[in-house]
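*Asks:*
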Amino acid sequence: MRPALVLFLGSVACTGAEPEDSAVDTTPPTRCEQLGRAERAFVAGSGALNEPAGEVRLPLRSGETWTMASNWSGCDSWVIIPSRPRQNGSFPNEDVWKADHLELIQNSPDNVHYFFVPANGEDIESRLNDAEFAFNAALVQLPQDEFDDWRERVHFVTETPASLGGWLGDALVNPGWGIVIGPDQVVRYLGSFADPSRYSSSVGWFEPNLAKAANEAHYGNFRVERDARLAAEEAEIVPVFEGAAVQGSGYAEVTLPANIADYDTLEFDLTMNCQGEGEFGTCPAWDYLVYLHQCDDEVDAADAYATTSCQPYVPEVMGLCHADGTATETECRDVGACEDESGAVWTCEGHEPAIAADTLSGSCASPLGEGTQGTYTCNADGTGYDALVCPCNTEIGRWITTYHREGRYVHEATPFLALMQDGGTRRYRFATSQPYDLDLDFRFSNRGIGVRPTSMSRLHRGAYYSPTVNESYQPIDVDVPSSAARVELATVVSGHGGGQLNCGEFCRTTNHFTVGGEEVVIEDPWVDVANGCEQQVSEGTVPNQYGTWWYGRNGWCPGKEVPVQRFDITASVSPGSAATFEHATFGPGGMNLNGGSGERIEVESWMVVYE
226 MRPALVLFLG SVACTGAEPE DSAVDTTPPT RCEQLGRAER AFVAGSGALN EPAGEVRLPL
286 RSGETWTMAS NWSGCDSWVI IPSRPRQNGS FPNEDVWKAD HLELIQNSPD NVHYFFVPAN
346 GEDIESRLND AEFAFNAALV QLPQDEFDDW RERVHFVTET PASLGGWLGD ALVNPGWGIV
406 IGPDQVVRYL GSFADPSRYS SSVGWFEPNL AKAANEAHYG NFRVERDARL AAEEAEIVPV
466 FEGAAVQGSG YAEVTLPANI ADYDTLEFDL TMNCQGEGEF GTCPAWDYLV YLHQCDDEVD
526 AADAYATTSC QPYVPEVMGL CHADGTATET ECRDVGACED ESGAVWTCEG HEPAIAADTL
586 SGSCASPLGE GTQGTYTCNA DGTGYDALVC PCNTEIGRWI TTYHREGRYV HEATPFLALM
646 QDGGTRRYRF ATSQPYDLDL DFRFSNRGIG VRPTSMSRLH RGAYYSPTVN ESYQPIDVDV
706 PSSAARVELA TVVSGHGGGQ LNCGEFCRTT NHFTVGGEEV VIEDPWVDVA NGCEQQVSEG
766 TVPNQYGTWW YGRNGWCPGK EVPVQRFDIT ASVSPGSAAT FEHATFGPGG MNLNGGSGER
826 IEVESWMVVY E
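Heads up, the sequence shown is in this note's numbering, so the first residue is 226 and it goes up one at a time.
1. Evaluate contact between the stretch 340-352 and the stretch 378-388, counting only Cβ atoms and requiring at least three cross-stretch pairs below 8 Å.
2. Using three-state DSSP, classify residue 655 as helix, strand or coil.
3. Under three-state DSSP, which class holds residue 235?
4. Terminal residues of the continuous alpha helix (DSSP H) containing residue 257?
5. To the nearest angstrom, how far is it from the Cα of residue 201 to the Cα of residue 613?
6. Could you tell me whether the stretch 529-538 touches the stretch 596-613, where touching means 3 or more Cβ pairs closer than 8 Å?
7. Specify the secondary structure class of residue 785 as computed by DSSP and reduced to three states.
8. Thinking C-beta only, is residue 568 closer than 8 Å to residue 556?
9. Measure the beta-carbon distance from residue 364 to residue 376 and round it to whole angstroms, keeping in mind my assumption that it falls under 8 Å.
10. Please classify residue 316: does DSSP put it in a helix, a strand, or coil?
11. Residue 287: which of 306, 355, 382 and 296 sits nearest, CA to CA?
12. Check this for me: beta carbons of residue 430 and residue 312, under 8 Å apart or not?
13. For residue 237 and residue 251, what's the separation of their Cα atoms in angstroms?
14. How about residue 490 and residue 332: are their beta carbons less than 8 Å apart?
15. What residue range is occupied by the uninterrupted beta strand (DSSP E) comprising residue 291?
16. For the candidate residues 281, 697 and 665, whose alpha-carbon lies nearest to that of residue 656?
17. Please report the straight-line C-alpha distance between residue 642 and residue 683, rounded to a whole angstrom.
18. Apart from the five residues on each side of it in sequence, which residues of its chain come closer than 6 Å, Cβ to Cβ, to residue 604?
19. Buried or exposed: where does residue 699 fall if 16 or more other Cβ atoms within 10 Å of its Cβ makes it buried?
20. Just checking, does the stretch 689-708 make contact with the stretch 806-825 on the three C-beta pairs under 8 Å criterion?
21. Name the DSSP beta bridge partners of residue 277, please?
22. Given a threshold of 16 other Cβ atoms within 10 Å of its Cβ, counted over all protein chains shown, does residue 774 qualify as buried or as exposed?
23. At which residues does the alpha helix (DSSP H) containing residue 447 begin and terminate?
24. Grab me the residues of residue 703's own chain with a C-beta within less than 7 Å of its C-beta, minus the 5 sequence neighbours each way, in chain order.
25. Which residue comes first and which comes last in the alpha helix (DSSP H) that contains residue 391?
26. For the putative contact between residue 734 and residue 748, defined by C-beta atoms under 8 Å, what is the C-beta separation to the nearest angstrom?
27. Grab the span of the alpha helix (DSSP H) containing residue 328 for me, first residue to last.
28. In terms of alpha-carbon separation, which member of 663, 360, 315 and 439 lies closest to residue 427?
29. In the stretch 551-615, which residue ranges form an unbroken beta strand (DSSP E) of at least 3 residues, counting only runs that do not cross its ends?
30. Is the beta carbon of residue 659 closer than 8 Å to that of residue 513?
31. Label residue 484 either buried or exposed according to how many other C-beta atoms from any shown protein chain fall within 10 Å of its C-beta, with 16 as the threshold for buried.
32. Please classify residue 736 as buried or exposed, where buried requires at least 16 other C-beta atoms within 10 Å of its C-beta.
33. Would you mind reading off the limits of the alpha helix (DSSP H) that contains residue 285?
34. Measuring only the C-alpha atoms, how far is residue 587 from residue 534?
35. Going by the DSSP bridge assignment, what does residue 825 pair with across the sheet?
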């Protein structure tokens, strides 16, 4: 090539031709440009969980010492795997490095580096020799270009966690889960390696599989793509909960944008953090339903009885047991709590029962316009009634919690703009049976759709499965405004509970909605797929949870929102006339469901009008 180049240049000089533009950029593309991924500059961080990683020092068998400042590409994940991760404790004699190398590589995205760190007390040289030999045996099965690429992305660290020091060494020692540094440079813990195909009857749990670490890299890519989309979106963000510790019901009053009519899209942005440091052992254990409700509005005046005298609540006063007229220290409500075999004459003296506070009913209206009843309760001093308290059970958001991990969920909920169109201050309730620190934002934006939701009408709701479940779903007539430009059927559907057929959670059921002779059928394609939820990590399912998170479920996954499904039914209705909606639910093959053990379908469905 070099002689040909000389001849070419010589011919240019002889003919007097003008040389080509010398300003052409010959800089080789960066790694991120080659991968077609966005690049982020390294920033100094603390290395705390959910914060940017700080500097690290990783001495490698190759003789290099990797640091983040000099080796950070700006678009790669770094997954750092100890040889004896703490989450492998159920299988103390299992070596998580011993197998699954080719599966790890084949399941991984093109932008992840794996670092293998030997445990304290191990023979480091022997340990790394074995690990590198096993990986090389896997790599030689790849095409040459993939072999060369992966040789640059699998690294063996020559020091133990205690020797590494810094924030990374400390985290590898305690809590000892392993570390994931995503393409956003944010630190997460490495989750469970449990494999659903490797159940151990002797241990009562699932043996580890090194390849499960690939889920963390895919989730890292999902996170940066989601965050880039959110950053590029011109959204008005309205906080609902900000670091609120909630167990049971948490309430928030929210002032909606005055210009809410300018927006055609609504998203919920929910983060559920654990109350404490770490994840496993700190985060709640189970995959439970959590909900967001919009509260009813007062129709009657909130202070209608503020000066009306009433009976306040009076707490119970416990009595004392008396033996032959002498008081003891034993509290009582009646003499039955006092009597014994001593022969004494027992009495219970001084007990006064509690007196309930007076209450009055007041009129409220649900966000859907349905009339409801609220309650005024007498205040503590009996001088009047406290403000009217209206019900708060109109569901607008539904999520499923993780097994022992934290998560963030962003999903579109545009139909519920119809319940917020008047702006002003609204009250919301978040319901969770487990404790979390919540951050929840409403994201309002305009995507130029041309229409926006202006009204919602409730259709059919959920029911417990039974052979006669469909008898509870009667046809519903709803008036369609003549001004409707678009009409949708919106649904939130998830199946739960056990029962003989297990058709609440794991059995393929179908929900049929019919309007204007057209049928909409809702079923989850993942429900009977063994790793159906694992396959949705790239769509936001929190990976590697400490429970049976992998299995496909009936309309949901642990660590993910239950989506709002929307169907355009404009052609099936006539604006200015009533539309009739019918609903039925069936089990596999169209059979009726027997139910039992709380087996149920949680259906919320609405007709949504856009103008």
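Virtual Cβ for every residue (Gly too), placed ideally from N, Cα, C.
*Replies:* On the basis of the coordinates in this document:
1. A contact is defined here as three or more CB-CB pairs under 8 Å, and the stretch 340-352 meets this definition with respect to the stretch 378-388.
2. Of the three classes helix, strand and coil, the one that applies to residue 655 here is strand, per DSSP.
3. With a pLDDT of 33 at residue 235, under the threshold of 50, the modelled position of that residue is not reliable, and the figure given next carries that caveat. Note: residue 235 maps to helix in three-state DSSP.
4. Annotation for residue 257: the continuous alpha helix (DSSP H) segment containing it runs 256-260.
5. Since the first and last residues shown for the chain are 226 and 836, residue 201 lies out of range.
6. Contact between the stretch 529-538 and the stretch 596-613 is present, because at least three Cβ pairs lie under 8 Å.
7. Looking at residue 785 - three-state DSSP - the assignment turns out to be strand.
8. Contact flag unset, no.
9. Right, their Cβ atoms sit about 7 Å apart.
10. Residue 316 falls in the coil class under three-state DSSP.
11. The option with the nearest alpha carbon to residue 287 is 382.
12. Between residue 430 and residue 312, the CB-CB gap reaches or exceeds 8 Å.
13. With a pLDDT of only 34 at residue 237, under the threshold of 50, the placement of this residue in the model should not be trusted, and no figure is reported.
14. At least 8 Å separates the beta-carbon of residue 490 from that of residue 332.
15. In the DSSP assignment, residue 291 falls within the unbroken beta strand (DSSP E) covering 290-292.
16. Nearest option by C-alpha distance: 665.
17. Distance between the alpha carbons of residue 642 and residue 683 is about 15 Å.
18. Only 611 meet the Cβ criterion.
19. It counts as exposed.
20. They touch, by the three-pair rule.
21. DSSP output for residue 277 lists 411 as bridge partner(s).
22. Label assigned to residue 774: buried.
23. Residues 438-457.
24. Correct list, in chain order: 682, 803, 804, 806 and 832.
25. Counting along the chain, the alpha helix (DSSP H) containing residue 391 begins and ends at 391-398.
26. The pair is a contact, with the Cβ atoms about 7 Å apart (cut-off 8 Å).
27. Membership of residue 328 in the alpha helix (DSSP H) is indicated by the continuous run 326-332.
28. Proximity to residue 427 across 663, 360, 315 and 439 peaks at 315, based on C-alpha coordinates.
29. For the beta strand (DSSP E) assignment, the uninterrupted runs of no fewer than 3 residues enclosed by the stretch 551-615 are, from N- to C-terminal side, 551-557, 571-574, 584-590 and 596-602.
30. The criterion of a C-beta distance shorter than 8 Å is satisfied by residue 513 and residue 659.
31. Burial call: exposed.
32. The residue is buried, with at least 16 neighbouring Cβ atoms inside 10 Å.
33. It is not in any alpha helix (DSSP H) - residue 285 carries neither H nor E in the DSSP assignment.
34. For the pair residue 587 and residue 534, the Cα-to-Cα distance works out to about 17 Å.
35. Bridge partners of residue 825: 689 and 721.
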